[in-house]
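Undergrad:
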Amino acid sequence: MRPITRSDVAAGGQRMSAWRAFLGLCQRDLWATIRHEPVAFLSQALLQPIFFLFVFGRVLPEIGAAGNAYGGQLLPGIIALTVVLTAVQNTALPLVIGFSFTKELEDRLLAPLPVEAVAVQTMLMAAARGVIGGLLILPLGQLILPGGVSLGQTTWLGFVVILVLGAVAGAGMGMVLGTAVPPNRISVTFAVVLTPLIFTGSTFYPWAALARLRWFQVLTLANPLTYVSEGMRAALTPVHHLSTAAIALGIVVSLALFGALGVRGFARRATS
Amino acid sequence: MVVDELRKRFVPNGPDVVDGISFAVGRGELFGLLGPNGAGKTTTIGVITTRVHPSGGRVLVDGIDVSRDPVAVKRRIAVVPQQSNLDRTLTAAENLSFHAAYFGSNRRDRRHRAREMLARFGLEGREDDAVNNYSGGMAQRLMLARALMHRPQLLVLDEPTSALDPQSRLFLWDTIRELRRDGVTILLTTHDMDEADLLCDRIAIVDHGRVVALDTPRRLRQLLPSDAGLELLIEGGSDPSQLFSGIEGGRRVEAHSAGEDRCRVRIYGEDERLTEHAAGLARRAGWRVVELRRIEGTLEDVFVHLTGRELR
Chain A
114 MRPITRSDVA AGGQRMSAWR AFLGLCQRDL WATIRHEPVA FLSQALLQPI FFLFVFGRVL
174 PEIGAAGNAY GGQLLPGIIA LTVVLTAVQN TALPLVIGFS FTKELEDRLL APLPVEAVAV
234 QTMLMAAARG VIGGLLILPL GQLILPGGVS LGQTTWLGFV VILVLGAVAG AGMGMVLGTA
294 VPPNRISVTF AVVLTPLIFT GSTFYPWAAL ARLRWFQVLT LANPLTYVSE GMRAALTPVH
354 HLSTAAIALG IVVSLALFGA LGVRGFARRA TS
Chain B
1254 MVVDELRKRF VPNGPDVVDG ISFAVGRGEL FGLLGPNGAG KTTTIGVITT RVHPSGGRVL
1314 VDGIDVSRDP VAVKRRIAVV PQQSNLDRTL TAAENLSFHA AYFGSNRRDR RHRAREMLAR
1374 FGLEGREDDA VNNYSGGMAQ RLMLARALMH RPQLLVLDEP TSALDPQSRL FLWDTIRELR
1434 RDGVTILLTT HDMDEADLLC DRIAIVDHGR VVALDTPRRL RQLLPSDAGL ELLIEGGSDP
1494 SQLFSGIEGG RRVEAHSAGE DRCRVRIYGE DERLTEHAAG LARRAGWRVV ELRRIEGTLE
1554 DVFVHLTGRE LR
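So the protein lines, in turn, are chains A and B.
Residue numbers for the first sequence follow my numbering, so the first one is 114 and each next one is one higher.
Residue numbers for the second sequence follow my numbering, so the first one is 1254 and each next one is one higher.
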């Protein structure tokens, strides 16, 4: 066995201090969310899905424009949408603001850890917000949907895995948006990116039901949200869904692609 | 800290924004970086603070190469930027406390130190305010307090007083002097010549990405020998115009009436005995010397002399 050298000790100390900085940043984010902006966070995460649940899941069946069972189809999609969009918004917006207008990110970038670790930390905390948003849809669905929420056929492991990985993938997408788009274009980019993301993500219908609209069905495969929605559908309901392998592949590819691009984009914005 | 032949080019075929800057700052020294806008000061600071990758040359902080081990450098430095970058979601005390948390301080220590810092910087009673409601001067003090939370070896102050009222500026100057006494190495950039003159041990004047002069403020002022000399205020005599015209060691003489039979005379020249000659001449001609002082070129004169008058 190699004896422990002075540089080993120094490297160990460095890792330790980087790790403590990482935890310090997480503490700050948790504190800021819980103590200073719980209302802002919850309304940003939940208002849109509440209206989707109410209008599509309650009003449409009520007026006869959708079947009574539609709520059950809708719920997994809305959970997926909330998870991904919350994660996207909680990375993209703070990054745009923090890099350019308030410069708030500077203090984080000077914390004693690698810039890439700051990027990962930012994504993880945004993903955590996405997970919380997604979980809160369950009780909201119970309240809003006429049939309530039935979890009898839920695969809980699958649900948790999709919840977490979907949130991280969303945070990666947000990081790409937040670092690639110039600050003066962010509002138009949000409009141009988020609306198609919401409506082509198999959120409001199972992917398989699009068989008669083949071109659209194929198109939606390009949207990462499709895999999260279908994954949620697979975990929560017995309906026909994209194959498990396709869901896994879609989520893993999104994670790797947006995660890598996001970290790289962050490092580029952070240093010049 | 050593900056060695530092170069930075932001666009591949563009100009070198920093074009071979070199200087070294000793431990505990207060070093000023002076230069017009766009001279390369901020880019140099960017490299020192790990935010800019150098295109050439290197920067060592405490012997550590900034490009090779930025994390180790970040542990040793602190930065007070020109523009507020405080965390607006948090209160003042939380800004300090979480900053210390990034540097591994435990909860009890950092709360204690945050209180201590808030008191030192005159922010007691405002610790739970949102920093959004802080005035410019308060934000500046809070950023300095934050910078000191983790006891940095090198403190970088980027134009710290450019937007402050006179009270805040005096307070900041006092604090900077205290920190220097405590042994903190300080790198200061400024446009304010008086500030540089008053505070810095040594100053590098930077222009077009290069160091054009580097010395103590006093020696820099002496770079303009034509502006050195004597100024006298004399009274009670008559016709001062020819009085000093042939004075030994004087290159040029200007005399103006100063009212009430007084006259203000400037004699330019570096001769050590100019004072005695001038006083002697005045006395013999029946003038009384009211005031006599040596004049030196100001740092501002030197600065303009070295960097020119064109607008940047």
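C-beta: ideal position from N, C-alpha, C; glycine also.
Since the model is a prediction, treat every value here as computed from it, not as a measurement.
1) Would residue 1312 of chain B and residue 223 of chain A qualify as a contact pair, given that the criterion is a beta-carbon distance under 8 Å?
2) With DSSP as the reference, label residue 1380 of chain B as helix, strand or coil.
3) Mind listing which residues of the segment 340-367 of chain A have their C-beta closer than 9 Å to chain B's C-betas, in chain order?
4) By Cβ distance below 7 Å, which residues in the same chain neighbour residue 317 of chain A in space, the five residues on each side in sequence not counted?
5) Mind listing the chain B neighbours of residue 159 of chain A? Cutoff is C-beta to C-beta under 7 Å, in chain order.
6) Taking the CB atoms as reference points, tell me whether residue 279 of chain A and residue 193 of chain A lie closer together than 8 Å.
7) Under 7 Å: does the beta carbon of residue 1348 of chain B sit that close to some heavy atom of the ligand ATP?
8) Counting only beta-carbon atoms, is residue 1340 of chain B nearer than 8 Å to chain A?
9) Which first and last residues belong to the alpha helix (DSSP H) in which residue 1558 of chain B is found?
10) Is residue 300 of chain A helix, strand or coil by DSSP?
11) Exposed or buried, which one is residue 246 of chain A when buried takes at least 16 other CB atoms within 10 Å?
12) If the cut is a Cβ gap below 8 Å, which residues of chain A does residue 1334 of chain B touch?
13) Under 7 Å Cβ-Cβ, which residues of chain B neighbour residue 125 of chain A?
14) Where do the N-terminal and C-terminal ends of the beta strand (DSSP E) with residue 1286 of chain B fall, by residue?
15) Comparing the C-beta of residue 227 of chain A with each C-beta of chain B, is any distance below 8 Å?
16) Would you mind sorting residue 181 of chain A into buried or exposed? The rule is 16 or more other CB atoms within 10 Å of its CB.
17) Does the count of Cβ pairs from the segment 1353-1368 of chain B and the segment 223-232 of chain A closer than 8 Å reach three?
18) Can you give the beta carbon distance from residue 348 of chain A to residue 268 of chain A, rounded, assuming they're within the 8 Å contact cut?
19) Buried or exposed: residue 1323 of chain B, going by 16 or more other Cβ atoms within 10 Å of its Cβ?
20) Can you tell me the Cβ-Cβ gap for residue 1338 of chain B and residue 142 of chain A, rounded? I've got them flagged as a contact below 8 Å.
21) For the putative contact between residue 1407 of chain B and residue 1463 of chain B, defined by C-beta atoms under 8 Å, what is the C-beta separation to the nearest angstrom?
22) Applying the criterion that 16 or more other CB atoms from any shown protein chain within 10 Å of the CB defines a buried residue, is residue 1393 of chain B buried or exposed?
23) CA-CA distance, residue 322 of chain A and residue 1363 of chain B?
24) Name the residue from A:231, A:327 and A:249 whose alpha carbon lies nearest to the alpha carbon of residue 133 of chain A.
25) Determine the burial state of residue 298 of chain A: buried for a count of at least 16 other Cβ atoms within 10 Å of its Cβ, exposed for fewer.
26) What residues in the segment 1297-1309 of chain B bring their beta carbon closer than 9 Å to a beta carbon of chain A?
27) Does any C-beta atom of chain A lie closer than 8 Å to the C-beta of residue 1387 of chain B?
28) Report the neighbours of residue 1263 of chain B on chain A: residues whose CB is nearer than 9 Å to its CB, in chain order.
29) Let's test the definition: count the other Cβ atoms within 10 Å of the Cβ of residue 1525 of chain B and tell me whether it reaches 16, buried, or not, exposed.
30) Shorter than 8 Å from the beta carbon of residue 287 of chain A to some beta carbon of chain B?
31) Could you list which residues in chain A have their beta carbon closer than 7 Å to that of residue 1324 of chain B, in chain order?
32) Report, in whole angstroms, the separation of the C-beta atoms of residue 1458 of chain B and residue 1267 of chain B, which I expect to be a contact under 8 Å.
33) Within 10 angstroms of the Cβ of residue 305 of chain A, are there 16 or more other Cβ atoms? Answer buried if so, exposed if not.
34) Residue 1261 of chain B by DSSP, collapsed to three states: which one?
35) For the segment 1427-1461 of chain B, enumerate the residues whose C-beta is nearer than 9 Å to any C-beta of chain A, in chain order.
36) I want to know whether the segment 361-368 of chain A touches the segment 204-219 of chain A - three or more CB-CB distances under 8 Å.
TA: Taking the definition as stated:
1) In the second sequence, counting from the first residue as 1, residue 1312 of chain B sits at position 59. In the first sequence, counting from the first residue as 1, residue 223 of chain A sits at position 110. Not in contact: residue 1312 of chain B and residue 223 of chain A (Cβ atoms no closer than 8 Å).
2) Indexing the second sequence from 1 puts residue 1380 of chain B at position 127. Assigned with DSSP and collapsed to three states, residue 1380 of chain B falls in coil, not helix or strand.
3) Across the segment 340-367 of chain A, no CB contact with chain B closer than 9 Å is found for any residue.
4) Taking the first sequence and counting its residues from 1, the one referred to as residue 317 of chain A is at position 204. Within its own chain, the residues whose Cβ lies closer than 7 Å to the Cβ of residue 317 of chain A, once the five positions on either side in sequence are excluded, are 169, 187 and 190, listed in chain order.
5) Numbered from 1 along the first sequence, position 46 holds the residue referred to as residue 159 of chain A. What residue 159 of chain A touches in chain B: nothing, since even the nearest Cβ is about 20 Å away.
6) Start at 1 with the first residue of the first sequence, and residue 279 of chain A comes out as number 166. Start at 1 with the first residue of the first sequence, and residue 193 of chain A comes out as number 80. For the pair residue 279 of chain A and residue 193 of chain A, the CB atoms are nearer than the 8 Å cut-off.
7) The ligand ATP is not part of this structure, which contains no ligands at all.
8) Position 87 of the second sequence, counted from the first residue, corresponds to residue 1340 of chain B. So yes, residue 1340 of chain B belongs to the interface.
9) As a position in the second sequence, residue 1558 of chain B is number 305, starting the count at 1. For residue 1558 of chain B, the uninterrupted alpha helix (DSSP H) run begins and ends at 1552-1560, by DSSP.
10) Within the first sequence, the letter at position 187 stands for residue 300 of chain A. In the three-state reduction of the DSSP assignment, residue 300 of chain A falls in the helix class, which pools H, G and I.
11) The residue given as residue 246 of chain A occupies position 133 in the first sequence. Around the beta-carbon of residue 246 of chain A, 16 or more other beta-carbon atoms lie within 10 Å, marking it buried.
12) To locate residue 1334 of chain B, count along the second sequence from 1; it is residue 81. By Cβ distance, chain A contributes 216 and 219.
13) Within the first sequence, numbered from 1, the residue matching residue 125 of chain A stands at position 12. Correct list: empty, because the minimum Cβ distance to chain B is about 13 Å.
14) For the purposes of this step, residue 1286 of chain B is taken as residue 33 along the second sequence, with counting starting at 1. From DSSP, the beta strand (DSSP E) with residue 1286 of chain B extends over 1283-1287.
15) Here residue 227 of chain A corresponds to residue number 114 of the first sequence, with the count starting at 1. By this cut-off, residue 227 of chain A is an interface position.
16) Within the first sequence, numbered from 1, the residue matching residue 181 of chain A stands at position 68. By the 10 Å Cβ count, residue 181 of chain A comes out exposed.
17) Judged by Cβ distances under 8 Å, the segment 1353-1368 of chain B makes contact with the segment 223-232 of chain A, as three or more pairs qualify.
18) For the purposes of this step, residue 348 of chain A is taken as the residue at position 235 of the first sequence. For the purposes of this step, residue 268 of chain A is taken as the residue at position 155 of the first sequence. About 5 Å; that satisfies the 8 Å criterion.
19) Residue 1323 of chain B sits at position 70 when you count from the first residue of the second sequence. Residue 1323 of chain B comes out buried.
20) Your numbering for residue 1338 of chain B matches position 85 in the second sequence. Your numbering for residue 142 of chain A matches position 29 in the first sequence. Their Cβ separation, rounded to whole angstroms, is 17 Å, which puts residue 1338 of chain B and residue 142 of chain A out of contact at 8 Å.
21) Position 154 of the second sequence holds residue 1407 of chain B. Position 210 of the second sequence holds residue 1463 of chain B. About 23 Å separates the two Cβ atoms, so there is no contact after all.
22) Counting from one through the second sequence, the residue named residue 1393 of chain B turns up at place 140. Label assigned to residue 1393 of chain B: buried.
23) As a first step, residue 322 of chain A must be located in the first sequence, where it is residue number 209. As a first step, residue 1363 of chain B must be located in the second sequence, where it is residue number 110. Cα to Cα, residue 322 of chain A sits roughly 58 Å from residue 1363 of chain B.
24) Position 20 of the first sequence holds residue 133 of chain A. When only C-alpha atoms are compared, the closest one is A:231.
25) Position 185 of the first sequence, counting from 1, holds the residue named residue 298 of chain A. By the neighbour-count rule (16 or more Cβ atoms within 10 Å), residue 298 of chain A is not buried but exposed.
26) Going along the segment 1297-1309 of chain B in chain order, one finds 1299, 1302, 1303, 1304, 1305 and 1306 with a Cβ nearer than 9 Å to chain A.
27) To locate residue 1387 of chain B, count along the second sequence from 1; it is residue 134. False, the Cβ-Cβ gap to chain A never drops below 8 Å.
28) One-based indexing of the second sequence puts residue 1263 of chain B at position 10. Neighbours of residue 1263 of chain B in chain A, taken as residues at a C-beta separation under 9 Å, are given in chain order as 385.
29) Reading the second sequence from its first residue, position 272 is the one you call residue 1525 of chain B. Exposed is the label assigned to residue 1525 of chain B, since fewer than 16 other Cβ atoms lie within 10 Å of its Cβ.
30) Residue numbering aside, residue 287 of chain A sits at position 174 when the first sequence is read from its first letter. Not closer than 8 Å to any Cβ of chain B, the Cβ of residue 287 of chain A fails to qualify, so no.
31) As a first step, residue 1324 of chain B must be located in the second sequence, where it is residue number 71. Here the neighbours are 127, 131, 225, 226 and 227.
32) In the second sequence, the residue the question calls residue 1458 of chain B occupies position 205. In the second sequence, the residue the question calls residue 1267 of chain B occupies position 14. Taking the Cβ atoms as the reference, residue 1458 of chain B lies roughly 24 Å from residue 1267 of chain B, outside the contact range of under 8 Å.
33) Looking up residue 305 of chain A in the first sequence gives position 192. Residue environment: residue 305 of chain A is assigned as exposed (fewer than 16 neighbouring CB atoms within 10 Å of its CB, all protein chains considered).
34) Indexing the second sequence from 1 puts residue 1261 of chain B at position 8. Shown here, residue 1261 of chain B sits in a strand according to DSSP, grouped into three states.
35) Cβ contacts with chain A: none found.
36) With fewer than three CB-CB distances shorter than 8 Å, the segment 361-368 of chain A does not count as touching the segment 204-219 of chain A.
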